[in-house]
Amino acid sequence: MEKDARPNWDNPLQFLLACVSYAVGLGNVWRFPYLCQMHGGGGFLIPYLIMLILEGVPLFCLELAIGQKMRLGSIGAWTAINPYLGGVGLASVVTSTYLCLYYNIINAWSFWYLFNSFQSVLPWGDCPINANGTGYVEECEKATPTQYFFYRETLNISSSIEVNGGIQTSQALLLLLAWVISYLFIIRGIKSTGKVVYFTATFPYVVLFIYLIWGFTLHGAVNGVKYMFTPKMEQLANPTTWINAATQIFFSLGLGFGSLIAFASYNEYNNNFERQAIMVSLINSGTSVFASIVTFAIYGFKATFNYENCLERTRLLLLNTFDLAEDTISLDTVFEWIEKLNATYPQEFAEISSKLETCDLESELDGAVEGPGLAFIVYSEAIKNMPLPQLWSVLYFSMLLLLGMGSMLGNITAIITPLRDFKATSCISNELFNGLVCMFCFLLGLGFTTTSGSYWFTMFNDYGATFSLLFVVLIEVITISYIYGSKRFEKDVEDMLGHRPNLYWRIMWKFVSPLLLITIFIFYIVSYIRGGTPTYQAWNKELGKSEVTEYPVFGQVFIGLLLLSSVSCVPLTALYVYCRKRKHGHHPRERTVSTVCD
Numbered sequence: 010m011e012k013d014a015r016p017n018w019d020n021p022l023q024f025l026l027a028c029v030s031y032a033v034g035l036g037n038v039w040r041f042p043y044l045c046q047m048h049g050g051g052g053f054l055i056p057y058l059i060m061l062i063l064e065g066v067p068l069f070c071l072e073l074a075i076g077q078k079m080r081l082g083s084i085g086a087w088t089a090i091n092p093y094l095g096g097v098g099l100a101s102v103v104t105s106t107y108l109c110l111y112y113n114i115i116n117a118w119s120f121w122y123l124f125n126s127f128q129s130v131l132p133w134g135d136c137p138i139n140a141n142g143t144g145y146v147e148e149c150e151k152a153t154p155t156q157y158f159f160y161r162e163t164l165n166i167s168s169s170i171e172v173n174g175g176i177q178t179s180q181a182l183l184l185l186l187a188w189v190i191s192y193l194f195i196i197r198g199i200k201s202t203g204k205v206v207y208f209t210a211t212f213p214y215v216v217l218f219i220y221l222i223w224g225f226t227l228h229g230a231v232n233g234v235k236y237m238f239t240p241k242m243e244q245l246a247n248p249t250t251w252i253n254a255a256t257q258i259f260f261s262l263g264l265g266f267g268s269l270i271a272f273a274s275y276n277e278y279n280n281n282f283e284r285q286a287i288m289v290s291l292i293n294s295g296t297s298v299f300a301s302i303v304t305f306a307i308y309g310f311k312a313t314f315n316y317e318n319c320l321e322r323t324r325l326l327l328l329n330t331f332d333l334a335e336d337t338i339s340l341d342t343v344f345e346w347i348e349k350l351n352a353t354y355p356q357e358f359a360e361i362s363s364k365l366e367t368c369d370l371e372s373e374l375d376g377a378v379e380g381p382g383l384a385f386i387v388y389s390e391a392i393k394n395m396p397l398p399q400l401w402s403v404l405y406f407s408m409l410l411l412l413g414m415g416s417m418l419g420n421i422t423a424i425i426t427p428l429r430d431f432k433a434t435s436c437i438s439n440e441l442f443n444g445l446v447c448m449f450c451f452l453l454g455l456g457f458t459t460t461s462g463s464y465w466f467t468m469f470n471d472y473g474a475t476f477s478l479l480f481v482v483l484i485e486v487i488t489i490s491y492i493y494g495s496k497r498f499e500k501d502v503e504d505m506l507g508h509r510p511n512l513y514w515r516i517m518w519k520f521v522s523p524l525l526l527i528t529i530f531i532f533y534i535v536s537y538i539r540g541g542t543p544t545y546q547a548w549n550k551e552l553g554k555s556e557v558t559e560y561p562v563f564g565q566v567f568i569g570l571l572l573l574s575s576v577s578c579v580p581l582t583a584l585y586v587y588c589r590k591r592k593h594g595h596h597p598r599e600r601t602v603s604t605v606c607d
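Written as structure tokens, this is what we have:
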């Protein structure tokens with residue numbers, strides 16, 4: 010393929026914003042805060058930043074270098090490096106397809122919440138009235154209004170993955186809307202994507218900044234921020250803390266999907282990808298910290314609100330039981346009066362002890378939540394208690410939607426770009442081909458709109474990408490450093506940038522990053538084996554809460570297929586190439602990056 014035949018970004022800023030829009034996604038908002046909370050608050054930033062330097066930045070730069078030098082998508086790039094390695098790119102395409110299938114359902118949920126935000130009363134603010142009109146729905150009272158709205162009104166969730174009530178029309182239509190917008194964003198390839206990223210990469214920061222300012226005005230917000238930055242240094246001795254820090258860096262930057270290779274393939278040949286890799290990596294990690302401050306400010310408000318409501322219920326119980334004047338007990342003196350009344354009236358106090366709630370702010374803040382639970386339940390709970398909740402709801406879910414759409418641009422590009430490199434697709438226009446890819450993904454994604462769809466979403470989210478991406482990136486860095494050869498790769502970088510990679514890049518690519526990836530890979534396999542039968546959270550309608558449930562046999566088999574389907578592309582492609590070469594009576598010759606591009 011000739012260099013000049015490939016379209017380019019209009020300017021380096023478009024490429025930078027595309028990478029930012031892709032890398033900065035939902036994980037920055039709902040997984041990083043959870044990991045901070047789970048692994049020692051501010052102390053988690055230490056292993057996180059170390060892993061950013063040792064793993065994130067080097068691997069991000071490596072993928073950009075490959076894409077820019079090759080000017081091909083993932084399949085073509087790795088095939089050009091060595092015919093036997095085309096399966097590495099194919100594995101990336103399969104993994105990106107899995108991600109596209111379930112990622113857009115999150116955008117469909119965001120649309121649902123966004124549209125429901127334009128009501129005089131937010132529908133997740135209170136429990137609905139039961140069919141008899143005599144009270145609230147019992148299931149909602151046992152749960153909370155926000156949980157009920159998410160699990161029952163939004164998902165209409167079934168009792169288990171084995172119970173399927175069919176496709177829900179509202180969710181299917183919203184998923185279609187999400188795919189139509191995704192298609193419009195990529196309809197003409199990077200010519201349309203390059204325009205969209207100006208908005209998808211910047212607007213979320215506007216919303217986060219507004220939330221940051223408003224968040225700090227909320228009562229109790231400072232409790233959440235203090236909780237986040239109070240370090241628990243003992244967590245640094247926990248190996249899981251370091252592994253999770255490395256894993257978060259890895260997935261937050263979007264390594265291994267082929268998106269970065271695809272984006273970089275549209276760069277000018279002498280574009281300074283080295284500087285851009287550092288910039289995007291720092292912006293991504295800075296956004297994680299920034300979003301966490303916003304999240305914990307909101308979380309602190311919610312926790313303080315619940316804590317003070319608990320104190321108020323206790324205060325009223327004490328006042329009514331002991332016939333005290335209204336201003337006798339304040340929220341600040343509730344615990345003092347409990348001790349005083351218990352000592353003074355032990356018999357009367359014993360009669361109400363079973364009615365007393367345990368009010369503890371620390372316990373409210375300790376409830377670690379990640380994923381959809383944080384994005385759609387915890388935030389909704391906090392928003393409904395804010396002044397002008399509709400405004401804050403619209404802003405929040407608009408931001409969530411754009412974060413998801415921005416990541417989708419990279420995910421779809423990771424599929425389309427490698428496929429467009431094949432001559433067989435050259436006769437199809439961009440508009441038609443991109444539309445066919447979106448339609449294919451939409452049809453397969455309809456399974457996530459069934460009543461058991463959220464369980465399948467969890468399965469894909471937990472097992473569809475992790476193992477395969479670790480494997481793909483490990484093969485990538487080993488191939489460049491030891492098969493293609495670090496010296497040859499350094500010459501390719503010099504050809505593009507005018508100078509060879511410095512000592513930092515060379516040490517990271519050849520020694521440190523591969524060692525870290527091997528460690529994470531082994532840790533993942535060991536954790537999976539030791540974890541026993543895979544489980545998921547099934548919604549119990551009678552209890553109004555989720556319960557840990559083992560996947561049925563067919564679910565476990567499907568998990569195995571998810572884990573192996575993408576990884577098997579590597580050996581199967583190598584075997585296919587070997588057999589084909591043997592059939593034609595000659596051995597494959599290695600095609601280097603320079604040979605293809607020059």
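Residue numbers in the sequence shown follow our numbering, run continuously in steps of one, and reach 607 at the last position. No residue lacks a Cβ here, since even glycine has one placed at the ideal position from N, Cα and C.
To the nearest whole angstrom, what separates the beta carbons of residue i and residue j, a pair I think is in contact under 8 Å?
i       : j       : result
Leu-81  : Asp-430 : 5 Å
Ala-412 : Leu-35  : Note that residue 412 is Leu in the sequence shown here, rather than Ala. Contact holds; Cβ gap of about 6 Å.
Gln-244 : His-48  : 5 Å
Thr-202 : Ala-27  : 6 Å
Pro-523 : Tyr-275 : Wrong, their Cβ atoms sit about 28 Å apart, outside the cutoff.
Tyr-160 : Trp-548 : 5 Å
Thr-304 : Val-38  : 7 Å
Leu-108 : Phe-266 : 7 Å
Thr-426 : Ala-273 : Rounded, the Cβ-Cβ distance is 10 Å, inconsistent with contact.
Gln-23  : Val-206 : 6 Å
Leu-269 : Phe-69  : 7 Å
Gln-257 : Tyr-57  : 7 Å
Ala-583 : Gly-51  : Not quite, the Cβ-Cβ distance comes to about 46 Å (not below 8 Å), so this is no contact.
Leu-217 : Ala-300 : 6 Å
Name, in chain order, the residues that DSSP records as bridge partners for residue i.
i       : result
Glu-357 : DSSP, once it has assigned bridges, lists no residue as partnering Glu-357.
Asn-549 : Lys-554
Ile-176 : Thr-459
Thr-250 : BP columns for Thr-250 are empty, so no partner.
Tyr-145 : Ile-138
Among the options, which one has its Cα closest to the Cα of residue i?
i       : options                               : result
Leu-404 : Ser-119, Cys-109 and Ala-100          : Ser-119
Val-234 : Leu-374, Phe-282, Leu-418 and Tyr-278 : Leu-374
Pro-248 : Gly-419, Leu-217, Glu-559 and Ile-531 : Ile-531
Tyr-278 : Ala-74, Ala-27, Tyr-545 and Val-303   : Ala-74
Ala-7   : Leu-123, Ile-55 and Asp-19            : For the chain, the structure presents residues 10 to 607; residue 7 sits outside this window and is missing.
Glu-485 : Thr-460, Ile-527 and Glu-503          : Ile-527
Cys-319 : His-593, Thr-106, Leu-370 and Asp-332 : Leu-370
Gly-569 : Arg-515, Arg-589, Thr-542 and Leu-410 : Thr-542
Asn-113 : Leu-409, Ala-334 and Ile-489          : Leu-409
Ile-492 : Asn-91, Met-417 and Ala-100           : Asn-91
Met-517 : Met-60, Leu-479 and Ser-574           : Met-60
Leu-99  : Ala-312, Leu-428, Ser-435 and Leu-182 : Leu-428
Asn-293 : Phe-563, Ser-261, Tyr-560 and Glu-72  : Ser-261
Asp-19  : Lys-204, Met-79 and Leu-483           : Lys-204
Leu-186 : Met-414, Trp-133, Trp-401 and Thr-239 : Met-414
Ser-574 : Val-103, Tyr-31, Tyr-585 and Phe-310  : Val-103
Thr-367 : Gln-77, Asn-315, Lys-590 and Tyr-111  : Asn-315
Asp-135 : Asn-141, Glu-162 and Asn-116          : Glu-162
Lys-306 : Thr-250, Tyr-354, His-228 and Ser-372 : The sequence shown places Ala at residue 306, not Lys. Ranking Thr-250, Tyr-354, His-228 and Ser-372 by Cα distance to Ala-306 puts His-228 first.
(request) Could you tell me whether the region 195 to 205 touches the region 151 to 165, where touching means 3 or more Cβ pairs closer than 8 Å? (result) Not touching, per the Cβ criterion.
(request) Check whether the region 544 to 558 touches the region 502 to 513, taking contact to mean three or more Cβ pairs, one atom from each stretch, closer than 8 Å. (result) Verdict: no, contact absent.
(message) Below 8 Å, how does it come out for the region 63 to 72 and the region 141 to 150: are there three or more Cβ pairs, yes or no?
(response) No, because fewer than three Cβ pairs between the region 63 to 72 and the region 141 to 150 fall closer than 8 Å, the two stretches do not touch.
(request) Let me know the alpha helix (DSSP H) ranges lying completely inside the region 475 to 560, each 4 residues or longer, listed in chain order. (result) Fully enclosed alpha helix (DSSP H) runs of no fewer than 4 residues occupy 475 to 487, 495 to 506, 512 to 516 and 522 to 539 of the region 475 to 560, in order along the chain.
(request) Kindly confirm or deny that the region 335 to 344 and the region 391 to 399 touch, where touching means at least three C-beta pairs closer than 8 Å. (result) By the Cβ test, the region 335 to 344 is not in contact with the region 391 to 399, since fewer than three Cβ pairs between them sit closer than 8 Å.
(message) When you compare the region 454 to 472 with the region 157 to 172, are there three or more beta-carbon pairs, one atom per stretch, that lie closer than 8 Å?
(response) Judged by Cβ distances under 8 Å, the region 454 to 472 makes contact with the region 157 to 172, as three or more pairs qualify.
(request) Give a yes or no on contact between the region 475 to 484 and the region 529 to 546, applying the rule of three or more CB pairs nearer than 8 Å. (result) With the cut-off at 8 Å, the region 475 to 484 and the region 529 to 546 touch.
(message) Whether or not the region 208 to 218 and the region 440 to 454 are in contact is what I'm after, with contact meaning three or more pairs of Cβ atoms, one per stretch, closer than 8 Å; do they touch?
(response) No: the two stretches stay apart, fewer than three of their Cβ pairs being nearer than 8 Å.
(message) If contact is defined by three or more beta carbon pairs under 8 Å, each pair taking one atom from either stretch, is the region 437 to 446 in contact with the region 223 to 241?
(response) Contact between the region 223 to 241 and the region 437 to 446 is absent, because fewer than three Cβ pairs lie under 8 Å.
(request) For the region 278 to 289 and the region 491 to 510, state whether three or more C-beta atom pairs, one from each stretch, are separated by less than 8 Å. (result) Segments in contact, yes.
(message) Going residue by residue through the region 394 to 458, where are the continuous alpha helix (DSSP H) segments of at least 4 residues, counting only ones entirely within it?
(response) Qualifying alpha helix (DSSP H) stretches, in chain order: 398 to 429 and 439 to 454.
(message) Extract the residue ranges of the alpha helix (DSSP H) inside the region 186 to 270, only unbroken runs of 4 or more that lie entirely within it.
(response) Complete alpha helix (DSSP H) runs here, min 4: 199 to 209, 212 to 224, 230 to 238 and 248 to 261.
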